[in-house]
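Peer 1:
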Amino acid sequence: MAWLDDVQRAALVVRRGGFKAVTHGGVAHMDDTLAAALLHRHGAEAIYRYNTPEEVLAVEGDVVVFDIGDSFRDKLPERYVVLDHHGVRDPAEEPSSIVQVALAVGAKPKPLPATLIHYVDLFDRYGPAVKRWAGPYGNSLNNGVAKYFGDLAPTGRVKDVKFLDLLADAVYSAFEADLPAFAEAFKLAEKLPFADLAQKFPRTFHTLRLMLEAAKDPVSVSMSRDALEAGFGIDFGAYAVMAVPELEPYVLKGLERHYAEAKKAAETAAAGRYAVIKGPVTAVAVEDHVPPGPLWNALQDLGVLTAAEPAFVVVKDRRNPGAYTLWRPDRHANAVDFRRLQGPEVIFKHATGFLAVVKAESAEAAARQALAQLHA
Numbered sequence: 196m197a198w199l200d201d202v203q204r205a206a207l208v209v210r211r212g213g214f215k216a217v218t219h220g221g222v223a224h225m226d227d228t229l230a231a232a233l234l235h236r237h238g239a240e241a242i243y244r245y246n247t248p249e250e251v252l253a254v255e256g257d258v259v260v261f262d263i264g265d266s267f268r269d270k271l272p273e274r275y276v277v278l279d280h281h282g283v284r285d286p287a288e289e290p291s292s293i294v295q296v297a298l299a300v301g302a303k304p305k306p307l308p309a310t311l312i313h314y315v316d317l318f319d320r321y322g323p324a325v326k327r328w329a330g331p332y333g334n335s336l337n338n339g340v341a342k343y344f345g346d347l348a349p350t351g352r353v354k355d356v357k358f359l360d361l362l363a364d365a366v367y368s369a370f371e372a373d374l375p376a377f378a379e380a381f382k383l384a385e386k387l388p389f390a391d392l393a394q395k396f397p398r399t400f401h402t403l404r405l406m407l408e409a410a411k412d413p414v415s416v417s418m419s420r421d422a423l424e425a426g427f428g429i430d431f432g433a434y435a436v437m438a439v440p441e442l443e444p445y446v447l448k449g450l451e452r453h454y455a456e457a458k459k460a461a462e463t464a465a466a467g468r469y470a471v472i473k474g475p476v477t478a479v480a481v482e483d484h485v486p487p488g489p490l491w492n493a494l495q496d497l498g499v500l501t502a503a504e505p506a507f508v509v510v511k512d513r514r515n516p517g518a519y520t521l522w523r524p525d526r527h528a529n530a531v532d533f534r535r536l537q538g539p540e541v542i543f544k545h546a547t548g549f550l551a552v553v554k555a556e557s558a559e560a561a562a563r564q565a566l567a568q569l570h571a
């Protein structure tokens, strides 16, 4: 398997030391966040967040590129090694960046953090569908961890390495707890200032409501029908704030920013700053950087859409100027598969078909282009 060859090459770079590491800019995810912490712990002299081959090529010395790079690895010289899983047709072909990096650095976490990292990998590759067989595991405080990392440096060098140090401490922690004890971690949600909005937009703030309930009974809440729908559950972020209490203010700040974006989505929907394009499926286009999942939920809270109505959302992309992110909820996988999109305007297609990034003149133009191809 070619990805194992890349892991072995990366392991040699790590053992030599004196290397740099680069991941993508813009929105961060839990797999690349944890991978950054491990690479920092194992000798990376700097962590950068870049999106273009030109930016990556400007980094000097040996470089490990992770969670990005498959699309331009042929432009990189021998001193670069790429640990990316986005160039495959089937997500089963390669594990996500956290697994590839963990193998490269020889990480050996204890059983509980290893289990939670396993679900980081699965959710990153397969999306919310994983919740159907993940039992009490899912995503909750992970949103705060990844959001904090993503906002450290949307592009450029990551300077707050204290956060990465603490996160690496959590990866290697020997702290153990029974699952009901995770109620303590979810008490963090009680410090968030979004309770009023959660009442008005219950779907938009679905995971916040579940966290508040999980502060009393995390196992039952994480196994509920609501948790299944939201992909909610006990996760590595919840473990991290218990294993390394110094992480709590970082994760709290990340959650505040995460739900501030949900608030922005709710305000965008309430103000009518969107266009609805009807076709075989419905597309909603927004000419702004708005998180698509919360926007979809906010439109349901307001009665503009129903959960059963096949739809996708188009918003301005954060990584690529002049580009738009296309996203559809997992429940509409049969009706909307962005792997069908073709042409030079397509920048990225996720291996599971739930997300794509395309060049277009506007969000509405991107939506119409996609509708034309999806149902040609």
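Under my numbering, think of the first position of the sequence shown as 196, with each following residue one higher. Each residue gets a CB set at the ideal place from its N, CA and C atoms; glycine is no exception.
Starting from Lys511, trace the beta strand (DSSP E) both ways and give me its first and last residue.
Peer 2: By one-based count along the sequence shown, residue 511 stands at place 316. Segment Ala506 to Lys511, the beta strand (DSSP E) holding Lys511.
Peer 1: Exposed or buried, which one is Trp328 when buried takes at least 16 other CB atoms within 10 Å?
Peer 2: Mapped onto the sequence shown, residue 328 falls at position 133. With fewer than 16 Cβ atoms within 10 Å of its Cβ, Trp328 is classed as exposed.
Peer 1: Determine which residues share a DSSP beta bridge with Val217 and list them.
Peer 2: As a working mapping, residue 217 is identified with position 22 in the sequence shown. Per DSSP, Tyr243 and Val260.
Peer 1: Alpha carbon to alpha carbon, how far is Pro413 from Leu494?
Peer 2: Here residue 413 corresponds to residue number 218 of the sequence shown, with the count starting at 1. Here residue 494 corresponds to residue number 299 of the sequence shown, with the count starting at 1. Using only the alpha carbons, I get a separation of about 28 angstroms.
Peer 1: How big is the Cα-Cα spacing for Lys395 and Pro487?
Peer 2: For the purposes of this step, residue 395 is taken as the residue at position 200 of the sequence shown. For the purposes of this step, residue 487 is taken as the residue at position 292 of the sequence shown. Cα to Cα, the separation comes out at about 19 angstroms.
Peer 1: Decide if Ala376 is buried, meaning its Cβ has at least 16 other Cβ atoms within 10 Å, or exposed.
Peer 2: Within the sequence shown, residue 376 is the residue found at index 181, counting from 1. Per the 10 Å Cβ criterion, exposed.
Peer 1: When the Cα atoms are used, what is the spatial distance from Leu336 to Ser419?
Peer 2: Taking the sequence shown and counting its residues from 1, one reaches residue 336 at position 141. Taking the sequence shown and counting its residues from 1, one reaches residue 419 at position 224. Taking the straight line from one Cα to the other gives about 18 angstroms.
Peer 1: Opposite Ile472 in the DSSP bridges: which residues?
Peer 2: On the sequence shown, residue 472 is found 277 positions in, with the first residue counted as 1. The partner list for Ile472 (beta bridge, DSSP) reads Ala478.
Peer 1: Between Val217 and the rest of its own chain, which residues show a CB-CB distance below 7 angstroms, the 5 nearest in sequence each way excluded?
Peer 2: Taking the first residue of the sequence shown as 1, we reach residue 217 at position 22. Only Tyr243, Tyr245, Val251, Val254, Val258 and Val260 meet the Cβ criterion.
Peer 1: Using three-state DSSP, classify Lys554 as helix, strand or coil.
Peer 2: What you label residue 554 is simply residue 359 of the sequence shown in a count that begins at 1. Lys554: strand per DSSP, three-state reduction.
Peer 1: Kindly indicate the opening and closing residues of the alpha helix (DSSP H) around Tyr343.
Peer 2: As a position in the sequence shown, residue 343 is number 148, starting the count at 1. Looking at the DSSP string, the run of the alpha helix (DSSP H) that includes Tyr343 is Asn337 to Leu347.
Peer 1: Do three or more CB pairs link the segment 345–356 to the segment 402–411 at distances below 8 angstroms?
Peer 2: The segment 345–356 vs the segment 402–411: no contact.
Peer 1: With a 10 Å radius around its C-beta and 16 neighbouring C-beta atoms as the bar for buried, classify Ser415 as buried or exposed.
Peer 2: Translated into the one-based positions of the sequence shown, residue 415 becomes position 220. With fewer than 16 other Cβ atoms within 10 Å, it is exposed.
Peer 1: Just curious, the alpha helix (DSSP H) that Ala365 is in, first and last residue?
Peer 2: Taking the sequence shown and counting its residues from 1, one reaches residue 365 at position 170. Segment Val356 to Val366, the alpha helix (DSSP H) holding Ala365.
Peer 1: Smallest Cα separation from Arg587: which of Asp496, Ala455 and Gly221?
Peer 2: The structure shown does not extend to residue 587, since the chain spans only 196 to 571, so no value can be given for it.
Peer 1: Just the C-alpha distance for Ala309 and Glu559, rounded to the nearest angstrom, thanks.
Peer 2: The residue labelled residue 309 in the question sits at position 114 within the sequence shown. The residue labelled residue 559 in the question sits at position 364 within the sequence shown. Roughly 43 angstroms between the two C-alpha positions.
Peer 1: Alpha carbon to alpha carbon, what distance is there between Asp346 and Gly256?
Peer 2: Position 61 of the sequence shown, counted from the first residue, corresponds to residue 256. Position 151 of the sequence shown, counted from the first residue, corresponds to residue 346. Looking at the two C-alpha atoms, the distance is approximately 26 angstroms.
Peer 1: Going by C-alpha to C-alpha distance, which of Ala461, Leu450 and Leu374 sits closest to Ala384?
Peer 2: Indexing the sequence shown from 1 puts residue 384 at position 189. The residue with the shortest Cα to Cα distance from Ala384 is Leu450.
Peer 1: Once the 5 residues before and after Leu387 are set aside, which same chain residues still bring their CB inside 8 angstroms of it?
Peer 2: Translated into positions along the sequence shown, residue 387 becomes position 192. Cβ within range, chain order: Leu403, Leu447, Leu450, Glu451 and Tyr454.
Peer 1: Quick check: what's the CA-CA separation for Leu521 versus Ile542?
Peer 2: Looking up residue 521 in the sequence shown gives position 326. Looking up residue 542 in the sequence shown gives position 347. Answer to the nearest angstrom: the Cα atoms are 11 angstroms apart.
Peer 1: Hey, would you say Glu456 sits closer than 8 angstroms to Ser557, going by beta carbons?
Peer 2: Sequence index remark: in the sequence shown, residue 456 carries index 261 (1-based). Sequence index remark: in the sequence shown, residue 557 carries index 362 (1-based). Cβ atoms of Glu456 and Ser557: not closer than 8 angstroms.
Peer 1: Would you kindly work out how many angstroms separate the C-alpha atoms of Arg523 and Gly330, rounded to a whole number?
Peer 2: Here the question's residue 523 lines up with position 328 in the sequence shown. Here the question's residue 330 lines up with position 135 in the sequence shown. About 24 angstroms.
Peer 1: Can you pull the DSSP bridge partners for Arg352?
Peer 2: If you number the sequence shown from 1, residue 352 lands on position 157. Arg352 pairs with Tyr243.
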